[in-house]
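When we follow our numbering, the leftmost residue of the sequence shown carries the number 6, and every step to the right adds one.
Note that the Cβ used here is the ideal one computed from N, Cα and C, for glycine as well.
Reviewing the structure listed below.
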Amino acid sequence: MMQNIIIDTDIGDDIDDALALALSLNSNEFNILGISTVFKNTTLRTKLLNNLLKVYKREDIPVVSGIGKPIVNNVNTDEIPCQCTDLTCHNEDINTIVTDFYSEILSKNKAIILAIGPLTNIAKIIKEAPYVKKNIEKIVLMGGMYSRAYSEWNIRCDPEAAKIVFNSGIPIVMVGLDVTLKCKTSQEDLQKLYSTHNVRTYYLSKLLKMWLNSPGANISAPILHDPLALSYIINPNFLKTRKTKIDIECTGDLTRGVTVDCADVFTGYTESFNCEVCTDVDVKAFHDFFMKTVLK
């Protein structure tokens with residue numbers, strides 16, 4: 006039986022969102038009930054998403070433009086993501102408020118939410134439609150870092166939203182920088198993608214090159230942050246986890262957006278644990294799975 010999932014993504018900036026979506030679309034493990042976009046220009050992100058779904062012949066998947074503005078942080082919601090400068094798809098997302106979108110899906114289905122962007126949409130749903138929480142099996146998110154006080158991007162973009170999500174009572178798996186930074190691609194991997202000649206890999210290659218040529222890339226090959234989070238749902242054995250209590254620092258000049266491990270080291274009190282943090286990854290097994298699946 007395929008696993009029901011809903012994906013929340015900020016596709017359009019870092020290439021790892023598109024790679025994670027490609028992985029999900031090429032996998033036979035998922036029934037994708039819907040995909041929402043989040044952060045800044047969600048309208049353009051959704052147009053890019055529609056383009057990707059068209060290439061993968063999955064235009065049947067419902068999509069929605071989510072919330073562009075974080076709860077507190079001030080951002081430019083008209084900013085054009087680097088992969089959205091050459092859009093050819095003119096399909097519009099369905100005219101639905103993101104809370105209604107999730108409520109409609111979760112009123113009829115149990116599902117895992119894969120959150121691979123800032124957590125603004127998910128926090129909004131938890132606050133405005135708490136009755137759907139019972140049908141959220143867990144939230145698997147790419148974000149945070151438990152081993153040091155580092156403010157990771159997805160959490161830093163909307164710490165207040167992350168705090169709501171981590172304190173929601175919904176089971177959470179945090180796939181953070183502790184493990185994702187170990188999952189790097191190589192120039193050899195990129196050449197395999199470029200030389201695999203089908204419409205899907207051609208489109209991924211195009212997006213990848215747009216990202217590599219953007220000022221925000223700063224590296225010569227992608228790190229597989231978001232694909233690793235997705236892969237946990239397919240095969241949890243790729244990762245080792247431990248349970249703990251995570252909360253989010255929302256103040257502090259140096260620490261805003263830090264995922265803080267708050268477990269009591271003296272008592273070992275476990276009833277407050279709200280999260281499984283990923284502590285290690287089988288890099289080779291994951292990498293082999295990723296390359297085999299994404300190159301289909």
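Distance, residue j Cα to residue i Cα
i    : j    : result
E133 : S219 : 37 Å
G181 : G262 : 13 Å
N79  : H202 : 42 Å
L195 : I66  : 28 Å
Y207 : V299 : 12 Å
T275 : K74  : 35 Å
T14  : F294 : 22 Å
I224 : N81  : 25 Å
V184 : S108 : 32 Å
C255 : R161 : 9 Å
L111 : K289 : 35 Å
K189 : E64  : 30 Å
L213 : Y237 : 23 Å
L229 : L186 : 8 Å
F44  : N242 : 31 Å
D18  : F271 : 42 Å
A25  : L235 : 7 Å
T104 : L119 : 16 Å
C94  : L57  : For C94, the predicted structure reports a pLDDT of 45, less than 50, and the residue's modelled location is therefore unreliable. A value from the coordinates is still provided. Cα to Cα, the separation comes out at about 9 Å.
I16  : M179 : 19 Å
I85  : G273 : 47 Å
I72  : I175 : 21 Å
G148 : A27  : 20 Å
W216 : A23  : 11 Å
Y151 : V265 : 7 Å
Status (buried if at least 16 other CB within 10 Å, exposed otherwise) for residue i
i    : result
F106 : buried
I20  : buried
N159 : buried
P232 : buried
P135 : exposed
E193 : exposed
S32  : buried
K138 : exposed
G257 : exposed
S191 : exposed
Residues of its chain near residue i, where Cβ-Cβ distance is below 6 Å and the 5 sequence neighbours each way are ignored
i    : result
C267 : K250 and D252
T246 : E281 and C283
S70  : T42, T47, T48, T51 and D98
A128 : A166, I169 and V170
N96  : Below a pLDDT of 50, predicted positions are generally treated as unreliable, and N96, at 47, falls in that range; the measurement from the model is reported next regardless. Closer than 6 Å at Cβ, skipping near neighbours: N55.
S156 : G262 and V263
Residues of its chain near residue i, where Cβ-Cβ distance is below 7 Å and the 5 sequence neighbours each way are ignored
i    : result
F35  : M7, Q8, I10 and S29
V204 : V60
S210 : L198 and Y199
C114 : This sequence places Asn at residue 114; Cys is not what is there. Here the set comprises N9, L38 and N140.
D163 : P75, I76, N78, P123, L124 and T125
D83  : N46
Strand pairing of residue i, partner residues [DSSP]
i    : result
A128 : Per DSSP, none; premise fails for A128.
L2   : Here the chain covers residues 6 to 301 and nothing more, so residue 2 does not appear.
F35  : Q8
T14  : T42 and I121
K187 : None; K187 has no bridge partner.
I141 : A116
Own chain partners of residue i with C-beta closer than 8 Å, once the 5 adjacent residues on each side are dropped
i    : result
S277 : K250, C267, A268 and D269
I117 : Q8, N9, I10, I11, I141, E142, K143, I144, V145 and I238
V68  : G39, I40, S41, T42, T51, L54, N55, L58, D98 and I99
Residue-chain proximity (residue i, chain D), Cβ-Cβ < 8 Å
i    : result
G181 : Protein chains in the displayed structure number just one, and chain D is not present.
3-residue-minimum beta strand (DSSP E) runs that sit fully inside the segment 243-288, ordered along the chain: 244-249, 251-253, 264-266 and 280-286
Alpha helix (DSSP H) segments (min. 4 residues) lying fully within the segment 44-119: 47-60 and 103-111
Any alpha helix (DSSP H) of 4 or more consecutive residues that is wholly inside the segment 212-246: 230-239
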